[in-house]
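2 protein chains.
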Amino acid sequence: MPFTPVSAVGEFGLIDRLGHALGQPIDDDLVQGIGDDAAVYRVGEGRVHVVTTDLLVEGVHFDRTFVPMRYLGWKALAVNVSDVAASSASPRWATVGLGLPNNVSVEQLEALYEGLAEACAAFGCTIVGGDTVAAARLHLSITLIGEAAEDAVVYRRGARPGDLLCVTGDLGSAAAGLRVLLSGKQGMEGGSGDGSGGDGAPGDGTEGGGGALPLADFAYAVERQLYPRPRLDRVKHWAERGVRPHALIDVSDGLASEVHHLCRASGVGAVIEGGLIPVHIQTLRAAERFGEDPATFALYGGEDYELLFAIPESLAAGLDSDTFAVVGQVVEAEEGVTLRQPDGEVIPLNPGGFEHFRGPRPE
Amino acid sequence: MPFTPVSAVGEFGLIDRLGHALGQPIDDDLVQGIGDDAAVYRVGEGRVHVVTTDLLVEGVHFDRTFVPMRYLGWKALAVNVSDVAASSASPRWATVGLGLPNNVSVEQLEALYEGLAEACAAFGCTIVGGDTVAAARLHLSITLIGEAAEDAVVYRRGARPGDLLCVTGDLGSAAAGLRVLLSGKQGMEGGSGDGSGGDGAPGDGTEGGGGALPLADFAYAVERQLYPRPRLDRVKHWAERGVRPHALIDVSDGLASEVHHLCRASGVGAVIEGGLIPVHIQTLRAAERFGEDPATFALYGGEDYELLFAIPESLAAGLDSDTFAVVGQVVEAEEGVTLRQPDGEVIPLNPGGFEHFRGPRPE
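As you go down the protein sequences, you meet chains A and B in turn. At position 31 of the first sequence the residue is numbered 30 (numbering that gives the first Met the number 0), and the sequence of numbers has no breaks. At position 251 of the second sequence the residue is numbered 250 (numbering that gives the first Met the number 0), and the sequence of numbers has no breaks.
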């Protein structure tokens, strides 16, 4: 039997292989299985439940050095709420699995749970169960169940050529915030990775050579990284206006990656207008400080937990104009997925994004 | 802020503290939150869903040395099915979270998923989603959603003095199987823990000094450990006979521990008749070989995934007599939880059982 490393097929290749091992699901109540932000099944009376699960592992998704436990609790629930929002549903019930190393105290876990409780109150859901086990590293596994009318759910599939591609909020600031936090950690550790530079104390407003950026100048970006607010407000706005997008996905792995997911599921192509992507001033400043292209943060940064949706212009006109930004257009599949740069040049848009087992692919 | 190690409060103490941090759930559709085998919430039309989650961590719950991946997939789902059965519900939808170290191949994960698929087919449920992340050790996090009529669900609470305490199947054989498998591993590693004894090859029918027991003589016990079959068959039998026990819990951590859970939730006491606990001949033989009391396996062994239930004698008479064994009786809370030994002596029954963060407490 061959031994194929998971890194050779990547996260999405692995999901395909495991889906084949499972076989085709056979259940009349199943509306959507593996392959969208959440699975969807009927519960009767024209209602469906949606379910999503996310694992957060220390050292992969978070660093206890600069992520307070209370924020970690908030974020662990929020990333699941984002998947429920990306189905245009309302979160209801959650379970929490905790893998606990022995250097975590009961008080820290209480802070984690206070963050979970705060998020539950904000998003209207309830933690109903869980499991705790000893583990080498801290990890959280959250499963969230949401509900919706069956005909209100929006999937990744459904985008049609001519639709506008729109996003909520701004993109890239969560990744900029992470870089700022990491620079602070490197500052504490006495250098910027090579053990030599950076004599400025983190957050003191001074800056060592390549070292810590002052947190006060990047408060918005840092908050985006630590305290994401999934876009249930937009889902509610659409419901109030009776507007249903054709296709919908949350932006967790970077816009470039999500556009590809949405296009593949819909059987279409897309043109992203690089000059139209909403970017926060702090993202621009962070990119400048780190000597990077702000488009890298916006397209490949990840963790923004905004929504990307395809919608015909006639329907978009029914929405408040400050609730979204147009970033491109859906085209025929043959045209592929491209990026029109601000200078007018059109180039293929590499999916990039963070992929587990292969790591970040920024180009 | 104090730093209280999790080991100081134990698994159940931790769950209490985290429950307080979450606060009281407020939701009219929630029938049962944290504190039973599964949470229960209404989905309309007199129906409820139940949800349970279990984490399995390499080195804590399983050892890849002697647990084939396909069995691991089966067991990971089966332990959740057991919690759904312990609510007297039918499993429907599952999600799978996978933490993957880089020494696991795609082919091994396909075998794991074939085991999951086999279990899904056997138990009538469907895997609808999941998440995969890189991790230091292999871990699985499964959430299972089941369904039932609201008035059919049975909880841990509800046992009344005078009820019979009954179990399905036999107890202790899964733990005996684990000990046999561990003896085989010690045999492979050249000794029984001290690096000196055990020259018999595992499974060859010979036996080294304190070393490996022959697997062929313990096939039933080993299968109970690797391939548990949760008792949906009994839940179905009860439904067919229109019999609803007063209280119900699955035996995952050992009978002694589960009796205490059921009694605490019901506000009652219990007398367990040591001489009535059903024990398989292979469990007796394994105990003899290891120089242990078979009651230790039966009371504290864990992983049997049988059902413990409290039922009035009049209702029990409506069940096929070979589907359960009476192991004791529910008494008033003041009488506590006791064990009547075969010689007639009555002693307090220590809850024991496996508790995470404190480890096994056999006395």
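Cβ coordinates follow ideal geometry from the N, Cα and C atoms, glycine included.
Residue contact check for A:Y304 against chain B: no CB pair falls below 8 angstroms. By the rule that beta-carbons nearer than 8 angstroms mark a contact, B:F122 does not touch chain A. Only residues of its own chain outside the window of five on either side were considered, and among them S172, H279 and Q281 have a CB closer than 7 angstroms to the CB of A:Y219, listed in chain order.
Approximately 17 angstroms separates the beta-carbon atoms of B:A324 and B:H245; this is outside 8 angstroms, ruling out the contact. With a minimum length of 3 residues, the unbroken runs of beta strand (DSSP E) contained wholly in the stretch 276-310 of chain B fall at 305-310.
Residue environment for A:H19: exposed (fewer than 16 other C-beta atoms within 10 angstroms of its C-beta). Going by DSSP, B:E146 is part of the beta strand (DSSP E) stretching over H138 to A148. Residue contact check for A:H245 against chain B: no CB pair falls below 8 angstroms.
For A:V5, the enclosing alpha helix (DSSP H) begins and ends at V5 to L21. Proximity of chain B to A:H138 at the Cβ level (cut-off 8 angstroms) is accounted for by G98, A134 and H138, in chain order. For B:V234 against B:Q328, the beta-carbon gap comes to about 23 angstroms, at or over 8 angstroms, which does not count as contact. Three or more beta-carbon pairs separated by less than 8 angstroms link the stretch 260-269 of chain A to the stretch 148-167 of chain A, which places the two stretches in contact.
With a 10 Å radius around the Cβ and a threshold of 16 neighbouring Cβ atoms, B:R230 comes out buried. Against A:D26, the close residues of chain B are T125, in the order they occur along the chain (beta-carbon pairs closer than 7 angstroms). Among the CB atoms of chain B, one or more fall inside 8 angstroms of the CB of A:Y40. Contact of B:L283 with chain A is not assigned, every C-beta pair being separated by 8 angstroms or more. Counting only Cβ-Cβ distances below 7 angstroms, A:T142 has contacts in chain B at T52, T94 and T142, in chain order.
Taking the C-beta atoms as reference points, B:G176 is found no nearer than 8 angstroms to B:F122.
C-alpha of B:T125 to C-alpha of A:E287: approximately 49 angstroms in a straight line. Minimum Cα-Cα distance from B:L143 among the listed residues B:R136, B:M187, B:L170 and B:T51 corresponds to B:T51. In this model, B:A151 and B:A88 are separated by some 8 angstroms (Cα to Cα). Taking 8 angstroms as the cut-off, the beta carbon of A:G45 is found no closer than this to the beta carbon of A:G96. In the structure shown, the three-state DSSP call for B:F61 is strand. In chain order, C124, T125, V127 and I144 place their CB closer than 7 angstroms to the CB of A:W92, counting only its own chain and leaving out the 5 sequence neighbours on each side. The C-alpha of A:P350 lies about 15 angstroms from the C-alpha of A:L307.
Within chain B, not a single residue places a beta-carbon under 8 angstroms from that of A:Y226; the smallest gap is close to 18 angstroms. In the three-state DSSP reduction, A:T167 falls in the coil class, being neither helix nor strand. The contact set of B:M0 on chain A, defined by CB atoms closer than 8 angstroms, consists of E106 in chain order. In terms of beta-carbon proximity, A:S6 lines the interface with chain B, with at least one pair separated by less than 8 angstroms. Secondary structure of A:R46 (DSSP, three-state): strand.
Between A:G241 and the set A:L21, A:E113, A:D232 and A:G317, the nearest pair of CA atoms involves A:G317.
In the displayed model, A:E272 falls within a strand according to three-state DSSP. Nearest CB-CB separation between A:L13 and chain B: below the 8 angstroms threshold. Under the three-state reduction of DSSP, B:Y40 is assigned to strand.
Taking the CA atoms as reference points, B:I310 sits about 5 angstroms from B:L163. Chain-order list of chain B residues neighbouring A:V103: V5, by C-beta distance under 8 angstroms.
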